[in-house]
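Taken in order, these protein sequences are the chains called X and C.
Sequential numbering of the first sequence, starting at 0, is according to numbering that gives the first Met the number 0.
Sequential numbering of the second sequence, starting at 0, is according to numbering that gives the first Met the number 0.
For each residue, glycine too, the CB sits at the ideal point set by N, CA and C.
Here the structure comes first, spelled out in structure tokens, and everything after it is commentary.
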Amino acid sequence: MREIKADDITKTIANLFKHSCHYLPQDVLTALKQAREKEKSEVARDVLDKILENCEIAAKEQIPLCQDTGAAVVMLELGQEVHIVGNDLYAAVNEGVRQGYANGYLRKSIVRQPFSERINTRDNTPAMIYTDIVPGNKLKITVMPKGGGSENMSRLTVVAPAQGRQGIIDFVVNRVDEAGSNPCPPVIVGIGIGGTTEKTMMLAKKALLRKVGEPNRDAEIAELEKDILKRVNNLGIGAMGYGGTITALAVHIETFPCHIASLPVAVNMQCWCARHEDAIL
Amino acid sequence: MAQVKKVRLPLTNETLKELRAGDNLLLSGVMYVGRDAAHKRLVEAMEQGKPLPIDIKGLTIYFMGPSPARPGRPIGSAGPTTSGRMDAYSPRLIAEGLKGMIGKGLRSKAVKDAMVKYKAVYLGAIGGAGALISKSIKKAEVVAYEELGAEALRRLEVEDFPVTVINDIYGGDLYEEGKAQYRVKE
Ligand code: SF4
Numbered sequence: 000m001r002e003i004k005a006d007d008i009t010k011t012i013a014n015l016f017k018h019s020c021h022y023l024p025q026d027v028l029t030a031l032k033q034a035r036e037k038e039k040s041e042v043a044r045d046v047l048d049k050i051l052e053n054c055e056i057a058a059k060e061q062i063p064l065c066q067d068t069g070a071a072v073v074m075l076e077l078g079q080e081v082h083i084v085g086n087d088l089y090a091a092v093n094e095g096v097r098q099g100y101a102n103g104y105l106r107k108s109i110v111r112q113p114f115s116e117r118i119n120t121r122d123n124t125p126a127m128i129y130t131d132i133v134p135g136n137k138l139k140i141t142v143m144p145k146g147g148g149s150e151n152m153s154r155l156t157v158v159a160p161a162q163g164r165q166g167i168i169d170f171v172v173n174r175v176d177e178a179g180s181n182p183c184p185p186v187i188v189g190i191g192i193g194g195t196t197e198k199t200m201m202l203a204k205k206a207l208l209r210k211v212g213e214p215n216r217d218a219e220i221a222e223l224e225k226d227i228l229k230r231v232n233n234l235g236i237g238a239m240g241y242g243g244t245i246t247a248l249a250v251h252i253e254t255f256p257c258h259i260a261s262l263p264v265a266v267n268m269q270c271w272c273a274r275h276e277d278a279i280l
Numbered sequence: 000m001a002q003v004k005k006v007r008l009p010l011t012n013e014t015l016k017e018l019r020a021g022d023n024l025l026l027s028g029v030m031y032v033g034r035d036a037a038h039k040r041l042v043e044a045m046e047q048g049k050p051l052p053i054d055i056k057g058l059t060i061y062f063m064g065p066s067p068a069r070p071g072r073p074i075g076s077a078g079p080t081t082s083g084r085m086d087a088y089s090p091r092l093i094a095e096g097l098k099g100m101i102g103k104g105l106r107s108k109a110v111k112d113a114m115v116k117y118k119a120v121y122l123g124a125i126g127g128a129g130a131l132i133s134k135s136i137k138k139a140e141v142v143a144y145e146e147l148g149a150e151a152l153r154r155l156e157v158e159d160f161p162v163t164v165i166n167d168i169y170g171g172d173l174y175e176e177g178k179a180q181y182r183v184k185e
């Protein structure tokens with residue numbers, strides 16, 4: 000057994016949220032720069048220039064990249080040989096969110112009762128926490144401040160297995176088309192295929208954590224990613240929906256075996272402001 | 000690229016006549032900030048015939064909920080929120096004299112019709128560019144509904160605040176036109 004102090008988890012979470020709301024991952028920045036080079040519309044290029052300038056200002060002046068610093072999504076990969084001491088694991092995570100959002104001047108965007116009172120919890124808790132138990136004696140923490148604008152454009156469906164590949168393409172492309180300018184394009188389209196419905200949406204969300212544009216290791220899936228990306232960029236939505244040739248920076252697909260009667264498909268939409276960061280304790 | 004036009008707020012009918020979908024503008028002057036919760040209260044007050052905390056006539060409203068300001072700064076990150084959530088309230092405010100709306104994302108047909116009928120425009124700010132946009136905000140103060148926190152009604156003084164005209168008073172729509180121009184038929 001290896002001991003990890005709950006306090007260290009709290010501190011790590013606080014720092015990860017603060018940092019990720021001011022600095023985009025390098026691969027996201029690179030993808031935005033490449034989009035700036037490839038984009039054919041002058042209007043959209045101007046938008047991408049301003050987006051890149053925004054990233055510089057955020058880092059230099061410590062102003063959050065986007066005012067929507069998200070719901071606090073936290074994914075944990077907990078080694079089965081780890082023993083957490085000093086506090087409950089989830090209490091430690093929520094305390095980290097509380098501290099990070101307060102000290103980092105991040106916006107608190109969580110309401111307690113979702114459909115009527117909608118009163119702000121004022122500290123951005125509770126976090127959305129997902130835990131996988133894995134072999135080993137380490138704890139990997141991934142944080143993802145997830146904005147409402149893009150999350151609201153996410154969808155889940157179950158297509159008939161007979162519709163197969165084409166059914167998936169049609170659903171995803173339609174979804175991006177209908178979302179239009181709402182999720183702050185250029186977007187990253189996270190897609191989950193297979194599993195049961197709740198599993199499918201998790202696959203779609205985890206697909207967003209992959210390095211931008213890195214293809215799936217399975218050749219057939221990678222081919223589908225390429226085909227969907229082409230179709231999505233042919234929509235013409237462009238940066239911020241002002242019209243252009245780059246609507247998505249990438250399409251990432253994750254799959255899982257599923258029931259003989261099912262073919263669930265989920266789209267989790269990620270805006271250009273694709274904030275996420277991880278640490279290993 | 001079309002030249003960037005400098006525009007003074009409040010917007011007048013004369014200014015609105017010159018604006019076309021796709022124009023890039025730099026706004027200077029006074030605008031107000033509100034999201035769904037503040038919109039709901041404004042429209043409820045109007046319906047009950049109660050006095051409003053601000054005059055709607057000639058107003059430009061920015062759909063935004065900022066992050067907290069660091070000490071010594073007027074505001075935190077300050078980019079637009081999704082405008083569609085204001086669709087239920089905007090036609091009523093436009094009929095009352097609202098001239099400008101700033102946000103991001105699609106608007107309903109009812110809002111677009113009201114803009115043509117009563118002469119108002121929808122301006123797009125770059126979603127997610129909250130740090131960049133905050134640089135053009137010189138002063139911010141809460142004027143009503145303070146208890147709503149990030150959603151309170153605020154008054155902003157801005158200088159060279161960057162926006163793009165999405166919907167003009169002639170029915171022009173950048174989202175439609177831009178997409179049509181770059182759409183590749185399969
Ligand atoms: S969709 Fe993303 S970039 Fe746009 S406002 Fe929301 S969090 Fe910010």
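Practice task
Could you check which residue in 35(X), 24(X), 257(X) has the C-alpha nearest to that of residue 238(X)?
Solution key: Your numbering for residue 238(X) matches position 239 in the first sequence. Nearest C-alpha to residue 238(X): 35(X).
Exercise for the section: With a floor of 3 residues, list each beta strand (DSSP E) that falls wholly inside the region 144 to 190 of chain X, ordered by position along the chain. Expected result: 154 to 157
Exercise for the section: Would you mind sorting residue 0(X) into buried or exposed? The rule is 16 or more other CB atoms within 10 Å of its CB. Expected result: Numbered from its first residue, the first sequence carries residue 0(X) at position 1. Exposed, since its Cβ has fewer than 16 Cβ neighbours within 10 Å.
Practice task
Could you please give the first and the last residue of the uninterrupted beta strand (DSSP E) stretch that includes residue 163(C)?
Solution key: Taking the first residue of the second sequence as position 1, residue 163(C) is located at position 164. Unbroken beta strand (DSSP E) run through residue 163(C): 152 to 166.
Practice task
Please confirm whether residue 263(X) and residue 194(X) have their CB atoms less than 8 angstroms apart.
Solution key: Numbered from 1 along the first sequence, position 264 holds the residue referred to as residue 263(X). Numbered from 1 along the first sequence, position 195 holds the residue referred to as residue 194(X). Yes, Cβ-Cβ distance for residue 263(X) and residue 194(X) is below 8 angstroms.
Problem - Limits of the alpha helix (DSSP H) - the one that residue 90(C) falls within - result: As a working note, residue 90(C) is residue 91 in the second sequence. That run of the alpha helix (DSSP H) goes 89 to 94.
Handout entry: Contact set between residue 215(X) and chain C, taken where Cβ atoms lie within less than 9 angstroms
Key = Indexing the first sequence from 1 puts residue 215(X) at position 216. Chain C residues near residue 215(X): none, gap ~23 angstroms exceeds 9 angstroms.
Exercise for the section: Pull up the DSSP beta-bridge partners for residue 23(C), would you. Expected result: Stepping through the second sequence from its first residue, residue 23(C) is reached at position 24. Answer is 3(C), 163(C), bridged to residue 23(C).
Practice task
Could you say which of 60(C), 72(C), 5(C) lies nearest to residue 85(C) if we only look at CA atoms?
Solution key: Here residue 85(C) corresponds to residue number 86 of the second sequence, with the count starting at 1. For residue 85(C), the nearest C-alpha among the options comes from 60(C).
Handout entry: C-beta atoms of residue 5(X) and residue 84(X) nearer than 8 angstroms
Key = Walking along the first sequence from the start, residue 5(X) turns up at place 6. Walking along the first sequence from the start, residue 84(X) turns up at place 85. It is a contact, given that the beta carbons lie within the stated cut-off.
Exercise for the section: Would you mind telling me which residues of chain C sit closer than 7 angstroms to residue 196(X), beta carbon to beta carbon, in chain order? Expected result: Taking the first residue of the first sequence as position 1, residue 196(X) is located at position 197. Under the 7 angstroms cutoff, chain C gives no residues; its nearest Cβ is about 25 angstroms from residue 196(X).
Handout entry: Range of the contiguous alpha helix (DSSP H) that encloses residue 174(C)
Key = As a first step, residue 174(C) must be located in the second sequence, where it is residue number 175. It spans 173 to 181 - the alpha helix (DSSP H) in which residue 174(C) sits, taken as one unbroken run.
Practice task
Using the Cα positions of residue 176(X) and residue 182(C), report the straight-line distance between them to the nearest angstrom.
Solution key: Stepping through the first sequence from its first residue, residue 176(X) is reached at position 177. Stepping through the second sequence from its first residue, residue 182(C) is reached at position 183. Their backbone Cα atoms lie some 11 angstroms apart in a straight line.
Handout entry: Proximal residues, the region 240 to 251 of chain X versus chain C, C-beta separation under 7 angstroms
Key = 240, 241, 242, 243, 244
Practice task
Can you list the residues near the ligand SF4, meaning Cβ strictly closer than 5 angstroms to any non-hydrogen atom, in the order they appear in the chain?
Solution key: 65(X), 67(X), 146(X), 148(X), 149(X), 183(X), 270(X), 272(X), 126(C), 127(C)
Practice task
Give a yes or no on contact between the region 21 to 37 of chain C and the region 150 to 157 of chain C, applying the rule of three or more CB pairs nearer than 8 angstroms.
Solution key: yes
Handout entry: residue 103(C) - DSSP class collapsed to helix/strand/coil
Key = The residue given as residue 103(C) occupies position 104 in the second sequence. It is a strand residue.
Problem - 3 or more residues per run - each beta strand (DSSP E) lying fully within the region 98 to 145 of chain X - result: 127 to 133, 138 to 145
Exercise for the section: Using a Cβ-Cβ cut-off of less than 9 angstroms, give me the residues of the region 21 to 40 of chain C that come near chain X, in sequence order. Expected result: 21, 23, 36
Practice task
Would you check if the region 122 to 131 of chain C and the region 238 to 258 of chain X touch, i.e. whether three or more CB-CB distances between them fall below 8 angstroms?
Solution key: yes
Exercise for the section: Could you confirm whether any beta carbon from chain C is found closer than 8 angstroms to the beta carbon of residue 99(X)? Expected result: For the purposes of this step, residue 99(X) is taken as the residue at position 100 of the first sequence. Chain C, which has no Cβ nearer than 8 angstroms to the Cβ of residue 99(X), makes this no.
Exercise for the section: Decide if residue 146(C) is buried, meaning its Cβ has at least 16 other Cβ atoms within 10 Å, or exposed. Expected result: For the purposes of this step, residue 146(C) is taken as the residue at position 147 of the second sequence. The residue in question, residue 146(C), is exposed, as its Cβ has fewer than 16 Cβ neighbours within 10 Å.
Exercise for the section: Would you mind working out which of 116(C), 80(C), 24(C) sits nearest residue 95(C), comparing C-alpha positions? Expected result: Against the second sequence, residue 95(C) aligns to sequence position 96. When each option's Cα is compared against that of residue 95(C), the closest is 116(C).
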